Amino acid sequence: MRKSIADRIREAVREAALKSGAVPEGELPQIVVEKPRSPEHGDFSTNVAMLLSARAGRRPEDLAADIAARIDKAAASLSDVEIQKPGFINMRLSRDFLEENLRVILTEAEDYGKSDFGGGEPVQVEFVSANPTGPLNVVSARAAAVGDSLVRLMKACGYDARSEFFVNDSGTQVELLGLSLKARVEEALGRGEAKIPDQGYHGQYLADLAGEIPREKALEMLDDAGETSGRFSRFAVERMHEAQKSGLEAFGVRFDQWFRESSLHTAGRVEETLKALRQSGLVYEKDGALWLKTSGLGDDGDRVVRKSSGEPTYFLSDIAYHKNKFERGFKKVIDIWGPDHHGHVPRMKAAARALRYPEDWLEVLIVQWVRLVRGTTPVSMSKRAGEFVTLSDLVSEVGTDCARFFFLMRRVESHLDFDLDLAKKQSDENPVYYVQYAHARVSSILEFAREAGVGFCTLGEADLKLLQTPEEVAVMRELANFPEYVRAACATREPQRITSYLTSVATALHQFYHHSRVVGTEQNLMQARLVLVRAVRTVIRNGLDLIGVSAPDKM
RNA sequence: GCGCCCGUAGCUCAGUUGGAUAGAGCGGCAGACUCCGGAUCUGCAGGCCGAAGGUUCGAGUCCUUUCGGGCGCGCCA
682 MRKSIADRIR EAVREAALKS GAVPEGELPQ IVVEKPRSPE HGDFSTNVAM
732 LLSARAGRRP EDLAADIAAR IDKAAASLSD VEIQKPGFIN MRLSRDFLEE
782 NLRVILTEAE DYGKSDFGGG EPVQVEFVSA NPTGPLNVVS ARAAAVGDSL
832 VRLMKACGYD ARSEFFVNDS GTQVELLGLS LKARVEEALG RGEAKIPDQG
882 YHGQYLADLA GEIPREKALE MLDDAGETSG RFSRFAVERM HEAQKSGLEA
932 FGVRFDQWFR ESSLHTAGRV EETLKALRQS GLVYEKDGAL WLKTSGLGDD
982 GDRVVRKSSG EPTYFLSDIA YHKNKFERGF KKVIDIWGPD HHGHVPRMKA
1032 AARALRYPED WLEVLIVQWV RLVRGTTPVS MSKRAGEFVT LSDLVSEVGT
1082 DCARFFFLMR RVESHLDFDL DLAKKQSDEN PVYYVQYAHA RVSSILEFAR
1132 EAGVGFCTLG EADLKLLQTP EEVAVMRELA NFPEYVRAAC ATREPQRITS
1182 YLTSVATALH QFYHHSRVVG TEQNLMQARL VLVRAVRTVI RNGLDLIGVS
1232 APDKM
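The first sequence begins at 682 in our numbering and counts up by one.
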């Protein structure tokens, strides 16, 4: 849980920039230190001199030279600091640091990569939150992969992160679900073809559910219900909820909390929220309905919060839900919504403003569509007819690891084609196995060493100076980058950065493997390489854990 | 019509929150140590980053316009 190397370098650069007197402390911009694309430019690079030169009235290269000379190399674990063309300051990590870092990795083990960046701040990530009216689709699957990974990332960065699923267990949709099930039950009892409401749920799953209800119980439920949907709704919602929950668990996703919309109504939270909104002075009546003046708060029109019928709108209970989140003490709330809800972002943010919550309190991520294809042909998905590939179908067809990895290879907001044929292939055509294979390969080397009776020396005994080939050094550099990638993936809410990082670690490992042997070389060199390989194993394992993918020892 | 997302190699997508010579996987072609796992590795071919302007030392990245694709615009949830 120490400071990442990038943080230490940032600080050293910052201090050097201050000492150069280019600008007063207050005017110093955020220092950007990053890994250059080309290794010729060192391990880290900064552009401060170019950013400050205009204001300081000095030539970029002169200023760069001045700052570079003032960087405390020892404090930042640097061996070389050079300036280049337009005014870059390029830095190279010291050999000592790279060696020491291997020891750090093995010592910190599963903690390597973690930080206390978040300072224990309570944050909430809400995702999936699909209506309990049917099986989860693949967009929910994608959202689940993203949300779960984000929670893992935020925890690793020192946030007190909680996952939550909002269960939409009241309202029109639930009623329609009940009526649809009722029709299926009547059908199952042989009373003719099911009379499912037009807007109801036509999927086969409700017929299946109806079929599971024993005859006696079905008759009893029909008696109870009369013309209403009540009992069928409750029954169906509970069963759908359970099915969603177990499907997600099979996908490796467990929620800290399942929050029921109905609990807001029964506790009077919705009316209470309306009262709070009225106090803001932004509620007015028109056409017998109550409106919230969200225009002017970033929305493009006002929204109804209470219908002329007296019923609260879904929007109002959603506001009540977010008010509840705020009152639970979350300093930040991240909602992950499907693409069909992107139009709701402005109104929800407007509501947060109406309640005078901090401007950046609510963050909404939109997960984009997933198009399933087999080779080049799209898989037809008709939600209306209830015929679509579900989360559970996906898991049983391609497996959890594969599905999660595929979802997390892409940016959250990009539309993605999920090739089921490719995902199913257990061959080199499938990108998923590349990283896992690296882990299995390393495990296998260690196992081979054990079987050969090789004793592992202690960390202090290993002579890491012997790791000198370009491939070895490349691995060491790659491993040193991990904490910074974790931090960046968390800060930008972009878990795909971890996937891409892991791929480059795997590449470095595979290249090293083909270039040199571990077991069977000279004793001291072998011991040093064993340390290297164990460090790779730790980092890959930690990284895969962040995206919820297993790290197999054998494949 | 208004709003959001996307447009990068033949295909699917990355691109380190404005950096230096734009990358990976798949597909194509040509190769790899009698030895720790060939689900790997090496090399070649493939690009005006949809288009046009602008901002600046510097743009795939930011702004404007435009073209194309997807999705939203209810007193539904």
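Ideal Cβ positions, reconstructed from N, Cα and C, are used throughout, including at glycine.
A quick note: this is a predicted structure, and the numbers were derived from the prediction, not measured.
- Within the same chain, Cβ atoms closer than 7 Å to the Cβ of residue 1138 are found at 1208, the five residues on either side in sequence being excluded.
- The Cβ neighbour count for residue 923, taken over all protein chains shown within 10 Å, is under 16; the residue is labelled exposed.
- With a cutoff of 8 Å on beta-carbon distance, residue 1042 and residue 1013 are scored as near each other.
- For residue 774, no alpha helix (DSSP H) run applies; the uninterrupted beta strand (DSSP E) run containing it begins and ends at 769 to 774, by DSSP.
- Uninterrupted alpha helix (DSSP H) stretches at least 4 residues long and entirely within the segment 1054 to 1096 occur at 1072 to 1079 and 1081 to 1088, given in chain order.
- Between the alpha carbons of residue 916 and residue 1081 lies a gap of roughly 29 Å.
- DSSP, reduced to helix, strand and coil, places residue 1185 within a helical segment of the structure shown.
- Where residue 1016 is concerned, the enclosing beta strand (DSSP E) starts and stops at 1013 to 1018.
- Of 1037, 856, 977 and 719, the smallest CA-CA separation from residue 882 is found for 856.
- In the three-state reduction of the DSSP assignment, residue 765 falls in the strand class.
- Counting only runs that start and end inside the segment 694 to 781, the beta strand (DSSP E) elements of at least 3 residues fall at 725 to 727, 759 to 765 and 769 to 774.
- If you look at residue 1149, you'll find it isn't in any beta strand (DSSP E); DSSP assigns it neither H nor E.
- Counting C-beta atoms within 10 angstroms of its own C-beta, residue 801 has fewer than 16 neighbours from the protein chains shown and is therefore classed as exposed.
- In this structure, residue 940 lies near residue 847, with their beta-carbon atoms less than 8 Å apart.
- Between residue 1166 and the set 1200, 945, 1220 and 1128, the nearest pair of CA atoms involves 1220.
- Non-local beta-carbon contacts of residue 1050 in its own chain, meaning distances under 7 Å to residues more than five positions away in sequence, involve 820, 1020 and 1096 in chain order.
- Contact annotation, residue 1133 with residue 1200: C-beta distance approximately 6 Å; criterion of less than 8 Å satisfied.
- Judged by beta-carbon spacing, residue 1060 lies within the 8 Å limit of residue 1070, meaning their Cβ atoms are closer than that value.
- The Cβ atoms of residue 1105 and residue 1079 sit closer than 8 Å to each other.
- Non-local beta-carbon contacts of residue 943 in its own chain, meaning distances under 7 Å to residues more than five positions away in sequence, involve 850 and 851 in chain order.
- Inter-residue distance for residue 744 and residue 712 is about 15 Å (C-alpha atoms, whole angstroms).
- The continuous stretches of alpha helix (DSSP H) do not include residue 967, which lies in the beta strand (DSSP E) extending over residues 964 to 967.
- Under DSSP, the beta-bridge partners assigned to residue 993 are 987.
- In this structure, the CA atom of residue 1225 is about 36 Å from the CA atom of residue 884.
- Here residue 971 is bridged, per DSSP, to 966 and 987.
- Burial check for residue 1210: the Cβ neighbour count within 10 Å reaches 16 or more, so the residue is buried.
- Restricting attention to alpha helix (DSSP H) runs no shorter than 4 residues, the segment 850 to 906 encloses them at 853 to 869, 885 to 893 and 896 to 906, ordered along the chain.
- Spatial neighbours of residue 1088 in its own chain (CB-CB distance under 6 Å, excluding positions within 5 residues in sequence) are listed in chain order as 823 and 826.
- In the three-state reduction of the DSSP assignment, residue 925 falls in the helix class, which pools H, G and I.
- When DSSP states are grouped into helix, strand and coil, residue 1220 belongs to the helix group.
- Comparing alpha carbon positions, the residue from 697, 699, 761 and 926 closest to residue 817 is 926.
- Per DSSP, the continuous alpha helix (DSSP H) segment holding residue 1033 begins and ends at 1026 to 1035.
- Of the residues 714, 1188 and 792, the one whose Cα lies closest to the Cα of residue 836 is 792.
- Exclusion of the five residues before and after residue 747 leaves 701 as the residues of its chain whose Cβ lies within less than 6 Å of its Cβ.
- According to the DSSP assignment, residue 1132 belongs to no beta strand (DSSP E) but to the alpha helix (DSSP H) extending over 1113 to 1132.
- When C-alpha distances from residue 779 are compared across 757, 1185, 1236 and 899, the shortest belongs to 757.
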